[in-house]
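In what follows, a single structure is set out as structure tokens and then discussed.
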Amino acid sequence: MSDKTFSFEADTGKILGIVINSLYSQKEIFLRELISNASDAINKRKFDIITSGNAADTFEGKINIAVDKKNKTITISDNGIGLSSDEMVETLGTIASSGTKAFLESAKTSENTKEFNDQLIGQFGVGFYSAFMVADQVEVLSKKHGQKSASKWASDGQSGYSITDAERDETGTTIILHLRKEAKEYLEQERITHLVKKYSDHIAQPIFFIGKKDEAEQLNTSAALWTRPAKDISEDEYKSFYHGVASAYDTPFATLHNKTEGSVEFTNLLFVPSIAPFDLYDPERKSKLHLYVNRVFITDDYEGLVPKWLRFLRGIIDTPDVDLNVSREMLQQNPAVAKINKALVKRVLGELKKGLEKRRDEYATFWNGLGKVIKEGLYEDQANSEKILEVCLFQSSKNEKLVTLQEYVDGFTENQKVIYYLSSEDADRARRSPHLELFQTKGIDVLLLTDPIDDFWLSNIKQFSGKDFQSITRGEVDISGVGENSAESDVSEEVLSDKFMAKVKHVLEGNVASVRSSSTLETSVARLVADENGMDAQMERMMRMQNPDFKGMPKILEVNAKHPLIKSLNAKLETGEFDGSDDYAKLILDSALVAEGEVIIDPREFTQRLTDVMQKALEK
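Structure follows, in structure tokens:
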């Protein structure tokens, strides 16, 4: 053809300006885009050979990258299908008129299409123009497969482009970027190598850097492990891949390698760590999964693939069904993402349940490191909360080993109807809590909830297996008739006098909500409980951590009428023989606060009070 000069259409020119100046926040992705286009071109040529029936026309696809520091150019070449001059007008001269997308449409009817469709990357039509972020002049020299002549496309990315006749011996395409001054870093081999490793390491075609004296050094591995059948991959290969993708050194607790087809197509190679990743509790709670689109790395900073409570997962997702915006840096809202998310959650929960059932000791170790995060799903993921509960482990007052909720329910004592739980900072403190005294006497097991998230998910989940959850530190807990030797232990021995109750209430007014006799204390003097609609002490402690000025609501003081001290004090108040009841009433509250792990209202006054009481006792 004769030399021709073309102008960009008005709208195309505007779009090009946006692409060059605004859409891409990372200029480095230009190389990813051009390599992806080259890979597509090679796959299209393979497809064309197969469908034409020309078995003699065989070739090995390859992509070459070379730099010329003197002329400040970077060249990307491939031996793919190439472009005719008409195709240059159609695909390079019109933004968003993707050659790949058109190819897919034209190949729909072919029985060989799927094999090659799976490997085609670019479907939006603007990736090529990312070259203008680093170049002020771009040349495309191409020879179409099956044609004798070649053509050259050239543009400065401004007003238009030219197409001229050219010479090229081999089929394929060569792109020459005349780099801007600020893009000189891309003339360094180390920088090119880094970008290929980062974005295109798993491209099926080999990518070579052509150095001095035409020496070729392959930059990519061309080995996407997840594309191989699972049966052909050894444990050592999986482990090595995990260490690389996760920057970890442990042996993963579980490996999930699956290919899904149907309404959405994707391959996952996921690893469940055996120990908590170092950034597990980063405030941003981001997933570190690597997203690939047909073996091309897109991002490891996308939150939609898995929920935040599965952020400990490491590995890759590769799909041809996820749409990308024109920059390929931010995923569009796509129904495929939601489907992938749903499928992965189901798959991971299934794997965790299998590990729980078949590798209990290993699972318990895993749970100690990652269980807190999984339980976040109980609060945030209502659709899966029931399934999450099934893989949760808990400490309990009667068991040395962790138990599942089902195991706890199966171990209900006589006449037990609800799941009793106690929230605390740690299990050891919980086991020494006065709240447990009668439960321990009657052989009633109590769940010990020590994770900060526990009180939050319990506000949403009220039952498990038809059994209600009931806090033993909130409201009145009636366990009469429940547990071992109920008939004997439920007999009331002491009743507090009206004078005692009135006196203690008066002295402690403003510091407690009310005073009542306890039905659950055995050896302790008193305990503090919240109102039915109030907060457990553990929840209040967490609220104070977030807001030091948080005061909480006054608690109900429950007094042990069977305790010798309370019996004596009750008797003296009844007869009017005792005038030191104010100090004793305050000390009863102080003892309850100490047992709860709370701060005494006034430590100095407490010390003085205690000293005075002991001194008076010794003087008698």
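If you count by my numbering, then the sequence shown holds residues 1483 to 2102, one letter each, in order. For glycine and all other residues, C-beta sits at the position ideal for the given N, C-alpha and C. Model, not experiment: these values are computed from the prediction.
- Task: State the Cα-Cα distance for the pair ARG1527 and VAL1678, rounded to the nearest angstrom.
- Result: 23 Å
- State the beta-bridge partners of TYR1774 as determined by DSSP. PHE1779 and ASP1800
- Item | Contained beta strand (DSSP E) runs [length at least 3] in the segment 1619 to 1659, N- to C-terminal order | 1632 to 1637 and 1642 to 1648
- Entirely within the segment 1904 to 1944 and at least 4 residues each: give me those alpha helix (DSSP H) ranges in chain order. 1909 to 1913, 1919 to 1923 and 1936 to 1939
- Tell me ASN1881's beta-bridge partners as DSSP assigns them. Its beta-bridge partners do not exist; DSSP assigns none.
- Query: Taking C-beta to C-beta, are SER1612 and PHE1512 nearer than 8 Å?
  - Reply: Yes; because the gap between Cβ atoms is below 8 Å, this pair is in contact.
- Short check: CB of LYS1924 to CB of ILE1961, under 8 Å? yes
- Verify whether the separation of the beta carbon atoms of LEU2069 and ARG2086 is less than 8 Å. no
- Do you know whose CA, among ILE1674, PRO1765, ASP1530 and LYS1552, lies nearest THR1653's CA? Looking from the CA of THR1653, the closest CA among ILE1674, PRO1765, ASP1530 and LYS1552 belongs to ASP1530.
- Message: Bridge partners for GLU2040 per DSSP, in chain order?
- Response: As a beta-bridge residue in DSSP terms, GLU2040 pairs with ARG1998 and ARG2009.
- Near VAL1973, what residues of its chain come up, given a Cβ to Cβ distance below 8 Å and the 5 sequence neighbours on each side ignored? Note that VAL1973 scores 47 on pLDDT, short of 50, meaning its location in the model is unreliable; the coordinates nonetheless yield the value given after this. Residues of the same chain with a CB within less than 8 Å of the CB of VAL1973, apart from the 5 flanking positions on each side, do not exist.
- Query: With a CB to CB cut of under 7 Å and the five nearest residues on each side skipped, what residues in its chain are close to ALA1632?
  - Reply: LEU1623, SER1624, LYS1625, ALA1648, GLU1649 and ARG1650
- Message: Please state the DSSP three-state secondary structure of LEU2092.
- Response: Note: LEU2092 maps to helix in three-state DSSP.
- Could you give the distance in angstroms between the alpha-carbon of THR1932 and the alpha-carbon of GLY1837? Cα to Cα, THR1932 sits roughly 23 Å from GLY1837.
- As assigned by DSSP and simplified to three states, the class of HIS2045: If DSSP states are grouped into helix, strand and coil, HIS2045 belongs with coil.
- Message: Can you look up PRO2085 in the DSSP assignment and give me helix, strand or coil?
- Response: When DSSP states are grouped into helix, strand and coil, PRO2085 belongs to the helix group.
- Would you say SER1999 and ALA2043 are within 8 Å of each other, going by their C-beta atoms? yes
- Query: Where does ASP1936 land, buried or exposed, given buried means 16+ other C-beta within 10 angstroms?
  - Reply: buried
- Would you call the CB atoms of VAL1620 and GLY1642 closer than 8 Å? no
- Task: Tell me, please, which residues DSSP counts as bridged to LEU1752.
- Result: LEU1738 and GLY1797
- Message: Helix, strand or coil for ILE1558? Go by DSSP, reduced to three states.
- Response: strand
- Message: Mapping the DSSP letters down to three states, classify SER2073 as helix, strand or coil.
- Response: helix
- Item | Per-residue DSSP class, three states only, for THR1573 | Three-state DSSP puts THR1573 in a helix.
- Query: Is the segment 1736 to 1743 touching the segment 1666 to 1682 in the sense that three or more CB pairs, one from each, lie closer than 8 Å?
  - Reply: no
- Task: Decide if MET2096 is buried, meaning its Cβ has at least 16 other Cβ atoms within 10 Å, or exposed.
- Result: exposed
- Item | Helix, strand or coil at LEU1602 [DSSP, three-state] | Confidence at LEU1602 is low in this model, with a pLDDT of 49, below 50, so the placement of that residue is unreliable and no value is reported for it.
- Return the Cβ separation of ILE1645 and MET1570 in integer angstroms, given the expectation that the two are a contact with Cβ distance under 8 Å. 6 Å
- Query: Roughly how many whole angstroms lie between the Cα atoms of ASN1718 and THR1733?
  - Reply: In the sequence on display, residue 1718 carries Asp and not Asn. Distance between the alpha carbons of ASP1718 and THR1733 is about 10 Å.
- Query: Among the residues of its own chain, which have a CB less than 8 Å from the CB of GLY1853, if the five just before and after it don't count?
  - Reply: CYS1874, LEU1875 and ASP1933
- Message: Could you give the first and the last residue of the continuous beta strand (DSSP E) run that contains LYS1486?
- Response: From DSSP, the beta strand (DSSP E) with LYS1486 extends over 1486 to 1489.
- Task: Take the Cβ of THR2005 as the centre, count every other Cβ of all protein chains shown within 10 Å, and call the residue buried at 16 or more, exposed below.
- Result: exposed
- Message: Only counting the same chain, and skipping five residues up and downstream in sequence, which positions put a Cβ closer than 8 Å to that of ASP1485?
- Response: SER1644, ILE1645, THR1646 and ASP1647
- Task: Give a yes or no on whether the C-beta atoms belonging to VAL1977 and LYS1987 are separated by under 8 Å.
- Result: no
- Task: With DSSP as the reference, label LYS1768 as helix, strand or coil.
- Result: coil
- Message: Among the candidates ASN1942, LEU1918 and GLU1839, whose CA atom is the shortest distance from the CA of GLN1888?
- Response: For GLN1888, the closest C-alpha among the options ASN1942, LEU1918 and GLU1839 is that of GLU1839.
- Query: Counting Cβ pairs, one atom from each stretch, are 3 or more of them under 8 Å apart for the segment 2033 to 2043 and the segment 2001 to 2019?
  - Reply: In short, these stretches touch, since the Cβ pair count reaches three.
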